[in-house]
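**Q** Protein chains in written order, with our numbering: chain A, 879 to 1264; chain B, 42 to 330.
For glycine and all other residues, C-beta sits at the position ideal for the given N, C-alpha and C.
Computed from a prediction, not measured in an experiment: that's the story for all the values here.
Quick one: the structure is below, and I'll ask about it shortly.
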Amino acid sequence: MNLHEYQGKQLFAKFGLPVSKNKVITSAEDAINACRDIGGTKWVIKAQVHAGGRGKAGGVKLINTPEEAVDFSNHWLGKRLVTYQTDAQGQLVNSILIEECTDIAQELYLSAVVDRGTQRIVFIGSSEGGVNIEEVAEKTPEKIIYEPIDPLTGPMPFQARKISKILGLNPEQSKEFSKMLPQLTDLFVTHDLTLLEINPLVITQGGKLHCLDAKINIDTNAIYRQPEIQEMHDPSQEDPRESEAAMHDLSYVSLEGNIGCMVNGAGLAMGTMDTIKYFGGAPANFLDVGGTATQERVSKAFKIILADPEVKVVLVNIFGGIVRCDLIAEGILAAIEEVGVSIPVVVRLEGNNADIGSTILAESGAEIVSLNNLEDAAIKAVELSK
Amino acid sequence: MSILVNKDTRLLVQGFTGSQATLHSEQSIEYGTNIVGGVTPGKGGQTHLGAPVFNSVHDAMEAVQPNASIIFVPAPFCKDSILEAADAGIKLIICITEGVPTLDMLIVKKRIDELGIQLIGPNCPGVITPGEAKLGIMPGSIHMAGSVGIISRSGTLTYEAVKQTTDLGLGQSTCVGIGGDPIPGTSFIDALKLFEADEQTKAIVMVGEIGGTAEEEAAEYIRDYVTKPVISYIAGQTAPAGKRMGHAGAIIAGGKGTAADKIKKLKECGVHIAENLLQIGAKAKEVLG
């Protein structure tokens, strides 16, 4: 789960990290007061969406009067911001962050991730901030440090000094950073983060370290024990069908094609998408209906798939392991009737009692193409999608 | 021979009396697995599915000497259950549960490595040695004793590979579902090492998917240390970047973890690639001649 920048900065502040004085507004009326409360004569105003690349898309602006904050808010609130990281529709702007302006001397990069290779939380630092870090890693790997944190010891001061050296900090800043590193680790562990990125971390004209941006991702598996984070969830930033699916415990990801897919198991769901592509079709979605594939779940899955107007045919691919295919077949029929599916459905049942299941589908009189073989089923679905 | 589990496996079921554990334990017993007991705190002294229930793994250890444990407890309690089994001295622990927090696994993995314990999963279908023992949620009927060792990050994709190798008469030595989480207890490399040393295994099928670089690391290991033919299929060739595809670990992040990268690396290291999931069995047959 992603957080907004302002939510990330709230967490930064809570853990003692240096962030700019700021206000969040959801209405243009509050813009003038927000600027006055912050004080000063220059502000940075930022549209809050779950995507990077906001600056280039016009979603970040340096302003000199509170009236400009009103104009900016009137322009963006309720509109969708399209950046290179969003799809063509963009992300809805329903909150705006206003901050006091920071005079930047230098931009650095700092992040922490759960690294699969070392199986540790790893801090990544670079003297090259404000840019695409993957590019830095590719072109100038010597400017990046990867520092894994041992769960037993936590971050040690020597590690802060190692990172400081790559960041190019002076002794005073290095001391500041030695305080920041445990604070960041504490934040990471306390709130079950999978990613924490400060790009850029800046050195101000006054020589102080300052977190100018905040990107935070939370481990979905751990949300149950993060009540404070649950409150920060913003469904407006997610694909509505993906949110709907998640509410029913189904994994769904929408794609560009026109063949709806309903599969049990995440790996097989990906494998089914690949098979469709292999035979010249285009999958409309990833959907894992889960191991049990009951009528209720299958009905929900049909509803979500059919909410996509592009879908011309649905391919159901179930490998019945523990659950019998005849029961799944009955569930599919009941679901089709309940939902009122009016486009062709191709079903491939394999595994336990697959023959009985196929017979039930074939004799139902419903408009279903039932095939036991995934190759045939995929080819048929592709044919029907053209 | 086979790896990890066989007819001498004495299995303990943690979370024994829950509905999922009951369903799958019944099927495992029917398959011939020797379940020597189960653990549900507070229900010690009862009998469930004909086996004794204990309050703790330590109690079970003393009374029935299990040498493997399978965990069905809810995700928030898995860290405790795995570490309890480890503390009691069980050397093979299989965690079926999906949704274990990643930071819990960082701690668990460090501890089990120190203790030299083989943890399979979490978020996995388990391990089966056909005809001998089934420790997991896979359908027993599609398996057949034979010569192909199967390692996979995905449950239902493993079943596809199993079904195909059974239909072609090859059969399986052991099938290991290592699970779809970012921090798995057992890696591809751990399982490859075991299959390489196993006499019954003549070829190895490795089913991977997008996310992380475990397949790339396995590819280098195969090039340097595995003499048996390895066939690989990678799921997610059509998956978009930045989206979690069901499994917690199946996500292309920062341009890393694409199927194309994995396939390229595997090919470079001499692994036989099944371009499509339908070809896994046929490829294994072709390689085995």
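Which residues in chain B have a C-beta closer than 8 Å to the C-beta of Arg994/A? List them in chain order.
**A** Pro223, Ile224, Gly253, Thr254, Ala255, Gly290
**Q** Using a C-beta to C-beta distance shorter than 8 Å, which residues of chain B count as neighbours of Lys1155/A?
**A** Gln278, Thr279
**Q** Along the segment 1125 to 1156 of chain A, what residues have a CB closer than 7 Å to any CB found in chain B?
**A** Ser1129, Val1131, Leu1133, Asn1142, Gly1143, Ala1144, Gly1145, Leu1146, Ala1147, Met1148, Gly1149, Met1151, Asp1152, Thr1153, Lys1155, Tyr1156
**Q** Measuring only the C-alpha atoms, how far is His1088/A from Lys151/B?
**A** 34 Å
**Q** Could you tell me which residues DSSP puts in a beta bridge with Trp954/A?
**A** Bridge partners of Trp954/A: none, in fact.
**Q** Output yes or no for whether 8 Å exceeds the beta carbon distance between Tyr1024/A and Glu1006/A.
**A** no
**Q** Output the residue ranges of the alpha helix (DSSP H) runs that lie fully inside the segment 49 to 79 of chain B and measure 4 residues or longer, sorted by chain position.
**A** Taking 4 residues as the minimum length, the alpha helix (DSSP H) runs contained wholly in the segment 49 to 79 of chain B are 60 to 72, in order along the chain.
**Q** Could you tell me which of Met286/B, Leu235/B, Ala291/B sits nearest to Val267/B, measuring between CA atoms?
**A** Out of Met286/B, Leu235/B, Ala291/B, Leu235/B has the C-alpha closest to the C-alpha of Val267/B.
**Q** Tell me whether Thr279/B sits in a helix, a strand or coil according to DSSP, three-state version.
**A** coil
**Q** When we look at the beta-carbon of Phe286/B and count the other beta-carbons within 10 Å, is it buried (16 or more) or exposed?
**A** Looking at the sequence shown, residue 286/B is not Phe but Met. It counts as buried.
**Q** Bridge partners of Val149/B, per DSSP?
**A** Paired residues: none, contrary to the question.
**Q** Check each candidate in Lys1190/A, Leu1047/A, Pro1222/A, Val1167/A and name the one with the smallest Cα separation from Ile1206/A.
**A** Val1167/A
**Q** If you compare alpha carbons, which of Glu1075/A, Lys1043/A, Asp1254/A, Phe1001/A is closest to Asn1095/A?
**A** Glu1075/A
**Q** Please return the same chain residues whose Cβ sits closer than 7 Å to the Cβ of Ser1114/A, not counting the five positions on each side in sequence.
**A** Leu970, Asn972
**Q** Using only alpha-carbon positions, find the residue among Lys297/B, Lys132/B, Glu250/B, Lys303/B that is nearest to Gly1149/A.
**A** The candidate whose alpha carbon is nearest that of Gly1149/A is Glu250/B.
**Q** Does the Cβ-Cβ distance between Ile1182/A and Ile1154/A come in under 8 Å?
**A** no
**Q** Between the Cα of Leu176/B and those of Cys136/B, Ser182/B, Val168/B, spot the shortest distance and give me the residue it belongs to.
**A** Val168/B
**Q** Taking a contact to mean a Cβ-Cβ separation below 8 Å, would you say Leu955/A touches Ile974/A in this structure?
**A** yes
**Q** May I have a chain-ordered list of the beta strand (DSSP E) segments no shorter than 3 residues that lie completely inside the segment 1140 to 1213 of chain A?
**A** 1163 to 1166, 1191 to 1198
**Q** Tell me which residues of the segment 1098 to 1120 of chain A have at least one Cβ-Cβ distance to chain B shorter than 8 Å, keeping chain order.
**A** Thr1098, Asn1099, Ala1100, Tyr1102, Arg1103
**Q** Would you check if the distance between the CB atom of Val1131/A and the CB atom of Asn1163/A is smaller than 8 Å?
**A** Less than 8 Å separates the beta-carbon of Val1131/A from that of Asn1163/A.
**Q** The alpha helix (DSSP H) that contains Tyr884/A, what's its start and end?
**A** 883 to 892
**Q** 8 Å is my cut-off, CB to CB: does Pro117/B come that close to chain A?
**A** So, interface residue.
**Q** Would Arg932/A and Leu959/A qualify as a contact pair, given that the criterion is a beta-carbon distance under 8 Å?
**A** For Arg932/A and Leu959/A, yes; Cβs fall inside 8 Å.
**Q** Going by DSSP, name the residue or residues bridged to Arg1226/A.
**A** Asn1195/A, Leu1249/A
**Q** Quick check on Asn317/B: does DSSP put it in helix, strand or coil?
**A** coil
**Q** With DSSP as the reference, identify every bridge partner of Leu988/A, one or two as the case may be.
**A** Gly1003/A, Ile1076/A
**Q** Could you check what DSSP says for Ile1027/A in three-state terms: helix, strand or coil?
**A** Here Ile1027/A sits in strand by DSSP.
**Q** Compare the Cα-Cα distances from Lys204/B to each of Gly1198/A, Val1000/A, Val938/A, Ile1101/A and report the closest residue.
**A** Gly1198/A
**Q** Sort out for me which residues DSSP pairs Arg1103/A with in a bridge.
**A** Per DSSP, none; premise fails for Arg1103/A.
**Q** Would Ser193/B and Gly218/B be called neighbours here (beta carbons separated by less than 8 Å)?
**A** Taking a C-beta distance under 8 Å as the contact criterion, Ser193/B and Gly218/B qualify as a contact pair.
**Q** I want to know whether the segment 1185 to 1198 of chain A touches the segment 1215 to 1232 of chain A - three or more CB-CB distances under 8 Å.
**A** At 8 Å Cβ cutoff, the stretches touch.
**Q** Should Lys924/A go down as buried or exposed, given a rule of 16 or more other Cβ atoms within 10 Å for buried?
**A** buried
**Q** Three or more C-beta pairs closer than 8 Å, one from the segment 135 to 149 of chain B and one from the segment 90 to 106 of chain B: is that the case here?
**A** no
**Q** Please say whether Thr207/B and Gly190/B have beta carbons closer to each other than 8 Å?
**A** For Gly190/B and Thr207/B, no; Cβs fall outside 8 Å.
**Q** Please compile the residues from chain A whose C-beta is within a distance smaller than 9 Å of the C-beta of Glu261/B.
**A** For Glu261/B, no chain A residue has a Cβ inside 9 Å of its Cβ, as the nearest lies near 12 Å away.
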